[in-house]
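Asker: Structure below; questions to follow.
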Amino acid sequence: MKNVQNIVGLSAAHKPASEAGVDWRHNAVCREEDPELFFPIGNTGPALLQIEEAKAVCRRCPVMERCLHWAMESGQEQGVWGGTDEDERRRMRRRAARKRANT
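The structure is reproduced here in C-alpha cells:
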C-alpha cells in the first residue's frame, strides 16, 4: 500500500537547503493514509462519500491550512488537499482572479 508522502514528495534531496529541515508535510495526518482516499474518481455518487472521508482526515490535521496554501500555490487541480475538494479550490481560484482583476 502506498502512502501520501510518496505523492507529495517528502524527499529532502529535492528541496532547497533552507527547506530540507523540518517540512510541514512531515506533520500531515494523511501521511499514514492510503493516497487513493484523497483522489476519488469523479465527484458524484460514491465519490462524494470518499471526498467527505478524506476531508474528515484533513480536519484532524495540524497542517491543514499549510496544505491548502501549498495546493493553491502549486496548482493542484485533482484530489482533496487542505480539506478542500477540486470544485472548492476551483471556486477559490476564480474568486482570487476576480479580486485581482478588480483591483
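Here the working numbering is used: the first residue of the sequence shown is 973, the next is one more, and so on. Note that the Cβ used here is the ideal one computed from N, Cα and C, for glycine as well. Because the structure is a prediction, the values reported are computed rather than measured.
Straight-line CA distance for R1067 to H998?
Answerer: 30 Å
Asker: Could you please give the first and the last residue of the uninterrupted alpha helix (DSSP H) stretch that includes V1029?
Answerer: 1018-1031
Asker: Could you compute how far the alpha carbon of G1055 sits from the alpha carbon of R1062?
Answerer: 14 Å
Asker: Please work out which residues of its chain come closer than 6 Å, Cβ to Cβ, to A1026, disregarding the five sequence neighbours upstream and downstream, and give them in chain order.
Answerer: L1009, F1010, V1052
Asker: Using a Cβ-Cβ cut-off of 6 Å (strictly less than) and excluding sequence neighbours within five positions of D1057, which residues of its own chain qualify?
Answerer: So the qualifying residues of the chain are I1023.
Asker: What's the gap between the Cα of R1003 and the Cα of Q1048?
Answerer: In this model, R1003 and Q1048 are separated by some 17 Å (Cα to Cα).
Asker: Around the C-beta of P1012, are 16 or more other C-beta atoms found within 10 angstroms, so that it is buried, or is it exposed?
Answerer: buried
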